[in-house]
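Structure first, then comments.
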Amino acid sequence: EGSFGKAILVQGEGDARLVCKMVDVSQASQREVADAVKEGKLLAAFKHPYVVRYRESFIDSGWLCIVMDFCEGGDLTKQIEMAKRRGQRIPEDQVLKWLTQALLALKYIHDKHVLHRDLKSGNFFLSGSGNLEMGDFGIAKVLSCTAACAKTQIGTP
1 EGSFGKAILV QGEGDARLVC KMVDVSQASQ REVADAVKEG KLLAAFKHPY
51 VVRYRESFID SGWLCIVMDF CEGGDLTKQI EMAKRRGQRI PEDQVLKWLT
101 QALLALKYIH DKHVLHRDLK SGNFFLSGSG NLEMGDFGIA KVLSCTAACA
151 KTQIGTP
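So this is what it looks like as structure tokens:
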């Protein structure tokens, strides 16, 4: 559970494990509902190996449900904390691989005129194959002018 609502693991077709991100929109304003729906629409447009794959979205009983691929490795924050607790360092070549993947995802969304606006390790997830995938576009902003419109602070400082 988080500030947006909750995420649950669901079974897809075959053996596919998916995540259903559930956002409580029952008491939300029209603008808040529109902002929540925006995440699903953004994800639907993205087809990139380092961006979490969107499957579908729907509203049910006051909940916006966004179904996406499950990243078995959890988020990058948890990976960093685990290494720290074990007194281990993450190998430099692994850090470079993840950084490259994050930058490729960032370039991809910027080429689509989208700013994520909450980039942090907790919004990057590790797939079963160990690749880094950008996710959680809840406060992303579609821009007609990427640089000029990026001056407001929003998200995690």
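For the sequence shown, the residue numbers in the numbering used here are 1 to 157.
Quick reminder that beta carbons are idealized off the backbone N, C-alpha and C, glycines included.
For the pair of segments examined, the region 49 to 62 was found to touch the region 119 to 133: the number of CB pairs separated by less than 8 Å reaches three. Beta-bridge partners of MET134 (DSSP): VAL51 and PHE124. Put simply, the region 30 to 42 does not touch the region 96 to 108. Fewer than three CB pairs are less than 8 Å apart. If you draw a straight line from the Cα of SER29 to the Cα of LEU64, it comes to about 13 Å. Annotation for LYS78: the continuous alpha helix (DSSP H) segment containing it runs 76 to 85. Beta-bridge partners of PHE58 (DSSP): CYS65. As the crow flies, the alpha-carbon of TYR108 is around 10 Å from that of LEU115.
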